[in-house]
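Trainee: Residue numbers (my numbering): 801 to 1002. Positions of the beta carbon are idealized from the N, C-alpha and C atoms, including for glycine. Questions regarding the structure given below will be posed in turn.
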């Protein structure tokens, strides 16, 4: 998330452009899911621009934002790392994928059975979802996403894992203080790193 509708929209378009460049640079079919991740992150920012413009609430844009952020990413990231890995490395990458699938199943169920709402809090958007065992779900989410990247043999993906883990902490602290959201900046950095990774594989 960014700090305004305009910032979200421009960030989404910029990140999406990086995603198109990443897709165009793919030379190995297994790299396509990770290369396409910036497109998903860009779409996420554009969807959030719509949440800002609607004033929050529980509309379709809010639900779309939550679907991408919650059940989709903890499956997409470890699956992408797995498909990009060498066959000999894939066994150890099954664990974060399994954790991601379990976490995503719980999150998807909650989104299907409970409302999700968004509210504008100064320069941030707060999303409210009724989640059981929230600490456990957050741990599973981070193990699936950050953990998969850290387990990758590729040094650029491991760097992305470190950046994402550190960035998530900073974003969470700033968001909880209702100061300003920096998630769009983290998404932009991650997207550029993925573009560098794809081009290094060509």
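Would you call residue 924 buried or exposed, if buried means 16 or more other Cβ atoms sit within 10 Å of its Cβ?
Mentor: As a first step, residue 924 is located in the chain shown; it is residue number 124 there, counting from the start. So residue 924 counts as buried.
Trainee: Where DSSP assigns a beta bridge to residue 857, which residues make up the other side?
Mentor: Within the chain shown, residue 857 is the residue found at index 57, counting from 1. Per DSSP, 918.
Trainee: Which same chain residues end up closer than 6 Å to residue 941 when comparing Cβ atoms and leaving out the 5 residues on each side of it in sequence?
Mentor: Reading the chain shown from its first residue, position 141 is the one you call residue 941. Correct list, in chain order: 874, 903.
Trainee: To test your reading of the DSSP string, which unbroken alpha helix (DSSP H) runs of 4 or more residues are found completely within the segment 806 to 870?
Mentor: Fully enclosed alpha helix (DSSP H) runs of 4 or longer: 832 to 835, 837 to 853, 860 to 867.
Trainee: Nearest to residue 851 by CA position, among 952, 841, 967, 926, is which residue?
Mentor: For the purposes of this step, residue 851 is identified with residue 51 of the chain shown, where counting begins at 1. Selected option, being the one with the closest Cα: 926.
Trainee: Quick one: what's got a C-beta closer than 6 Å to residue 918's C-beta in the same chain, skipping five residues either side?
Mentor: In the chain shown, residue 918 corresponds to position 118, counting from 1. Excluding sequence neighbours, residue 918 sits near 851, 856, 862, 925, 927.
Trainee: What does the alpha-carbon distance come out to for the pair residue 957 and residue 988?
Mentor: Working through the chain shown from its first residue, we reach residue 957 at position 157. Working through the chain shown from its first residue, we reach residue 988 at position 188. Those two C-alpha atoms are separated by around 15 Å.
Trainee: Determine the direct distance from the alpha carbon of residue 832 to that of residue 983, and round the result to whole angstroms.
Mentor: Sequence index remark: in the chain shown, residue 983 carries index 183 (1-based). Sequence index remark: in the chain shown, residue 832 carries index 32 (1-based). Roughly 23 Å separates the two Cα atoms.
Trainee: Residue 816 to residue 920, Cα distance in whole Å?
Mentor: Counting from 1 along the chain shown, the entry for residue 816 is found at position 16. Counting from 1 along the chain shown, the entry for residue 920 is found at position 120. Distance between the alpha carbons of residue 816 and residue 920: 25 Å.
Trainee: Strictly by DSSP, which residues pair up with residue 926?
Mentor: The residue labelled residue 926 in the question sits at position 126 within the chain shown. DSSP lists 919 as partners of residue 926.
Trainee: Counting along the chain, where does the alpha helix (DSSP H) carrying residue 932 start and finish?
Mentor: What you label residue 932 is simply residue 132 of the chain shown in a count that begins at 1. Looking at the DSSP string, residue 932 is not in any alpha helix (DSSP H), and its letter there is neither H nor E.
Trainee: Helix, strand or coil for residue 954 per DSSP?
Mentor: To locate residue 954, count along the chain shown from 1; it is residue 154. Residue state, collapsed to three classes: coil.
Trainee: Consult DSSP for residue 911 and reduce its assignment to one of helix, strand or coil.
Mentor: Residue mapping note: residue 911 aligns to position 111 of the chain shown, counting from 1. In the structure shown, residue 911 sits in a helix (DSSP, three-state: H, G or I).
Trainee: Buried or exposed for residue 930, going by 16 or more other Cβ atoms inside 10 Å?
Mentor: Counting from one through the chain shown, the residue named residue 930 turns up at place 130. Exposed.
Trainee: Residue 845: which of 996, 880, 811 sits nearest, CA to CA?
Mentor: Along the chain shown, read from residue 1 onward, the residue named residue 845 stands at position 45. Ranking 996, 880, 811 by Cα distance to residue 845 puts 811 first.
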